[in-house]
Each structure stands twice: as structure tokens, then as C-alpha cells.
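The sequence shown runs 69 to 378 under this note's numbering. Glycine is no exception: its CB is placed at the ideal position from the N, C-alpha and C atoms. Notes follow the structure.
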Amino acid sequence: MISIKEYSKDNYEEWNKFLVNAKNSLFMFNRDYMEYHSDRFCDNSLMFYEDDELIALLPLNKSNNALCSHGGLTFGGFVTNEKMRQHRMIECFEVLKQYMKENNIQQLQYKVVPHIYHKIPAQEDLYALFKIGAELLKIEPTTTIMFSNPIKMKKGRKAQISRARREGVVVEESLDFDAFMAIESDVLKEKYSTKPVHTAEELKLLQSKFPDNIKMYVSKLNNEIIAGAVIFVYPNLVHTQYLGTTEKAREIGALDLVISEMINKYKDEKKFFDFGRSTEDDGKYLNEGLISQKEGFGGRTIIHSTFVLK
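Structure representation (C-alpha cells):
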């Protein structure tokens, strides 16, 4: 018999302990990460039990009369361990539907964790979503390099990397989030009229809590940061959370050099290098210039999918 408990701070240790052996666990599901922006989201995360045994976590926030895979995370979905089997996942969704009815919740928006983030296969949720009648809400492409079978980098990218080296650009790891996020903020404001999800102060806080998972590499010219990348490091892959560059850096290939150095650093340690999405308007608009740049490094498409259950 499966039952649901709403997460509270009393469950902090139980929640984080379950993540250690989960087959699709990510550091962003740790409560220390989820709660840094607790003032922005009404947390409604759920814990699923079979009898007295915890079998699944579901990071959620509540928005009006809807539940959403947590809005402060890139994606969400059920977090499970190797004991999770297909029939049990279907039962979890059935119990979740009943919970929604009892709490007058009209719909669930569910962001699937892409398979490249799984330690072992963990797509029981996808079949269960189909089985209970969930609808596909949106698909967004993320550009990913598979290190075991890489596609050759385009000549144009190689030329920019060579130019950056000739210009004297140096790549190094850095904790100067203030300087980098100033560049990133200018880029997002100018090109997309948006702001970064994180502030420099938030990144400093998160990096201090997760130093092995959040890193930044920058290009310097004359000891000044002109381009860089904030990356999130997961068991299987490296994900570029932010890429930022000044006009001068773009001209001389400084960002290309940063990316190239990171690819070389992680190609023997990880399975994938993920550049993230290149879409706007819930996937309806594809930024062809941006995705072409990522594909130029040898990346190809992996899908981020979001479902709605009414």
C-alpha cells in the first residue's frame, strides 16, 4: 500500500539520505540546494512510502491550483532507487492523482529528468505518464556531446580556439562570480531582455555548499575576465549552466577556448558534456545561431520533455 507525505523540515535528513543511493539523484535535489530560494516558491514536495519504507521523492512547488516540478530546478520528476519497478511507479502516479483530487489540485506539470543524467535506467515515469493519460506539454532540445563517440569539431571553432591562444588568452578555474555574472547579465539583458536565474551572491552560496558540483572556468586577457562558463558537475556529465562573453572575447574566440579546455578536462571522467537548451517561448522558438554554435563543438540533440497531468 503506497502513501504520500508532504515534505517538511522534519524530513530533511530522511530526504537527503534517500538521494545517496537513488538511481537518478542529482545534487540540485538536495534540500540545501532546493531551499536557497524558498522565498520564491511555495514548496509542495512529496515523499512516497510503501508501508513504512520510503520509495520515492518528488520535488514540487505549488502555484495556484497546480503542482509543478520544482520551478527552481532545471527539471524534476520522481527520484527513485533501484527497487523501483514499473508497476510500482504506475501505483505512485495513481496515488498522486488521488492526492491531487483530495487537495483540489487541477493539474501537475512534470519535467522529466533526461536519461543522460541517470546512473542506471530510470524511465519508469515516462511509461507511467503515458499509461495514466498525461499529455506532452513541450519539448526542448539540449545539445550534448557523447564522449565515447564524439563528432569532430567544426573548422571554424578550431580556428577561433587557435586565435584565442595567439592573442594570449589564458583559461583558469575561478571563484570571481561577481565579475563573470556582470558579463552574463549584460549579455542576457542585451540579447534576450532577461536576467540570470542566479545572482552572483546565490552562486557563491551554492558553490560553498557544493564545491565539487559547481565550478567556474574563465578566459582572461591581460589578467581581466572576458569570458567564462559556470558548470554543474553530475555523476555522468558536465552541464554548462551559464556561458558568458564580452564582444572582444567573442571576436577573438575566448569563450571557444574555455569550452575546449573544459571538454578536454572532462572527456575521460564523464560520459557527456551538455550545453543546455537553445529555445525560448516554451520550446516554440529555436535560436538557430546559438544551437549552431553548440553543434559546432560536436554536440547533438537530447530532449527535455514536460508533461501535464490533469
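Check	Outcome
Where the alpha helix (DSSP H) containing Glu192 begins and where it ends	Glu192 to Lys199
Leu114 beta carbon less than 9 Å from that of Leu164	yes
The stretch 273-282 touching the stretch 221-235, judged by at least three CB pairs closer than 8 Å	no
Distance between Ala196 and Gln361 (C-alpha atoms, nearest Å)	36 Å
Straight-line Cα distance separating Lys73 from Leu358	42 Å
Own chain residues within Cβ distance below 6 Å of Gly351, not counting five before or after	Lys206, Ile207 and Glu208
Exposed unless 16 or more other CB atoms sit within 10 angstroms - verdict on Arg368	exposed
The stretch 297-307 contacting the stretch 120-129, beta-carbon criterion three pairs below 8 Å	no
Inter-residue spacing [alpha-carbon to alpha-carbon] between Asn79 and Leu274	21 Å
Exposure label - Met102; buried when at least 16 CB within 10 Å	buried
Nearest candidate by alpha-carbon position, reference Gly144, set Tyr178, Lys338, Thr262 and Glu258	Tyr178
Closest residue to Glu329 among Val255, Leu289, Val238 and Lys339 (Cα-Cα distance)	Val238
Bridge-paired residues (DSSP) for Leu122	Tyr117
Boundaries of the beta strand (DSSP E) in which His372 is found, first to last residue	Arg368 to Leu377
Contacting residues, own chain, Cβ-Cβ under 6 Å from Pro218 (five flanking each side not counted)	Gly366
Which residues DSSP lists as bridging His307, in chain order	Phe300 and Asp342
Meets three-Cβ-pair contact criterion under 8 Å: the stretch 165-177 and the stretch 309-319	no
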